[in-house]
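Numbering (the numbering used here), first residue to last: 26 to 297.
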């Protein structure tokens, strides 16, 4: 597919995400109590998750690509080399607490490698997008875009780490202490954490658990890589998107500006 065709896909994704945002913001801004269910993995799901998921599936079912969504699992299309990986609401806990730190994420994986991604925050109307080989961009509410690049910091003590606001792990504390970073910033949603890294507001993100899934990382990975950064597991290996037996990232997630990624991974290993 040509670069122009990929850019058209990105525009179409933005269009549907903006329509979804209108719907879920109506729920978010409503003063009535939220209807919250708990899934088998004990994570919460709201009406906003369900509406977003349905609208995304309606849109992406029009082509012959396969689809993997957090809320509905996998739908196999005629084209199994290309898979839309969808997170209808990344940061459901943050949606529930109404701190604004949630987003919708859509990634396209080709033969196991992320090649296109869009992250969109309904509250701020800010988006981040990329497709392979053409850079990463931030889109402002007025539609203007600006190319993003990660920082060039290469001394850990000068770096800022962005950490989860809702999912705190003792093992992450041990890593933070060992790293000795300049500052730790709390943020909901993995997608918005990557947004901070490509905007140079943070330099590192680490999750040592096996709780993230491919819909949490597909779109963010291509965006951070196109901005000059990297995303791996805690052993420094590429994340896997074509494992037919599981959608989990079994060995955590590490995101950095890629200047000293191996050093960061080595410190993580020494801390666990």
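Virtual Cβ for every residue (Gly too), placed ideally from N, Cα, C. No experiment lies behind these values; they were computed from the predicted model shown.
Beta-ladder partner(s) of residue i, from DSSP
{"i": "residue 202", "result": "None; residue 202 has no bridge partner."}
{"i": "residue 115", "result": "128"}
{"i": "residue 104", "result": "90"}
{"i": "residue 232", "result": "278"}
{"i": "residue 256", "result": "280"}
{"i": "residue 69", "result": "63"}
{"i": "residue 261", "result": "Beta-bridge pairing links residue 261 to no other residue."}
{"i": "residue 215", "result": "Residue 215 is not bridged to any residue."}
{"i": "residue 99", "result": "93"}
{"i": "residue 247", "result": "Beta-bridge pairing links residue 247 to no other residue."}
Backbone CA spacing between residue i and residue j [nearest angstrom]
{"i": "residue 28", "j": "residue 155", "result": "11 Å"}
{"i": "residue 200", "j": "residue 56", "result": "40 Å"}
{"i": "residue 172", "j": "residue 143", "result": "14 Å"}
{"i": "residue 263", "j": "residue 215", "result": "17 Å"}
{"i": "residue 274", "j": "residue 47", "result": "31 Å"}
{"i": "residue 252", "j": "residue 152", "result": "14 Å"}
{"i": "residue 103", "j": "residue 35", "result": "21 Å"}
{"i": "residue 233", "j": "residue 197", "result": "6 Å"}
{"i": "residue 61", "j": "residue 126", "result": "18 Å"}
{"i": "residue 69", "j": "residue 270", "result": "23 Å"}
{"i": "residue 64", "j": "residue 95", "result": "11 Å"}
{"i": "residue 99", "j": "residue 38", "result": "19 Å"}
{"i": "residue 92", "j": "residue 85", "result": "8 Å"}
{"i": "residue 50", "j": "residue 30", "result": "30 Å"}
{"i": "residue 59", "j": "residue 124", "result": "14 Å"}
{"i": "residue 88", "j": "residue 41", "result": "15 Å"}
{"i": "residue 227", "j": "residue 186", "result": "6 Å"}
{"i": "residue 195", "j": "residue 117", "result": "22 Å"}
{"i": "residue 235", "j": "residue 277", "result": "5 Å"}
Rounded distance between the beta-carbons of residue j and residue i, thought under 8 Å
{"i": "residue 229", "j": "residue 175", "result": "Actually they are not in contact, since the Cβ atoms of residue 229 and residue 175 sit about 10 Å apart, beyond 8 Å."}
{"i": "residue 7", "j": "residue 72", "result": "Outside the shown range of the chain, which is 26 to 297, sits residue 7, and nothing can be said about it."}
{"i": "residue 211", "j": "residue 190", "result": "4 Å"}
{"i": "residue 266", "j": "residue 243", "result": "6 Å"}
Distance cut-off 8 Å: residue i Cβ against heavy atoms of the ligand ATP
{"i": "residue 277", "result": "Judged by which ligands are present, the structure shown has none, so any question about the ligand ATP falls away."}
Cβ of residue i within 9 Å of any chain B Cβ
{"i": "residue 162", "result": "Given the protein chain composition of this structure (a single chain), no chain B is represented."}
- Message: With three or more beta-carbon pairs closer than 8 Å as the criterion, would you say the region 104-117 touches the region 68-80?
- Response: Yes, the region 104-117 touches the region 68-80.
- Query: Counting only runs that start and end within the region 129-209, where is the alpha helix (DSSP H) found for 4 or more residues in a row?
  - Reply: Entirely contained in the region 129-209, the alpha helix (DSSP H) runs reaching 4 residues are, in chain order, 195-204.
- Query: Counting Cβ pairs, one atom from each stretch, are 3 or more of them under 8 Å apart for the region 130-143 and the region 237-245?
  - Reply: They touch, by the three-pair rule.
- What are the start and end residues of each continuous beta strand (DSSP E) run of 3 or more residues lying completely inside the region 37-61, in chain order? Qualifying beta strand (DSSP E) stretches: none in this window.
- Task: Decide if the region 280-293 is in contact with the region 178-191; the criterion is three or more beta carbon pairs, one per stretch, under 8 Å apart.
- Result: Result yes; three or more Cβ-Cβ pairs closer than 8 Å.
- Count the CB pairs spanning the region 205-222 and the region 244-252 that are closer than 8 Å, and state whether there are at least three. Contact holds: three or more Cβ-Cβ distances are below 8 Å.
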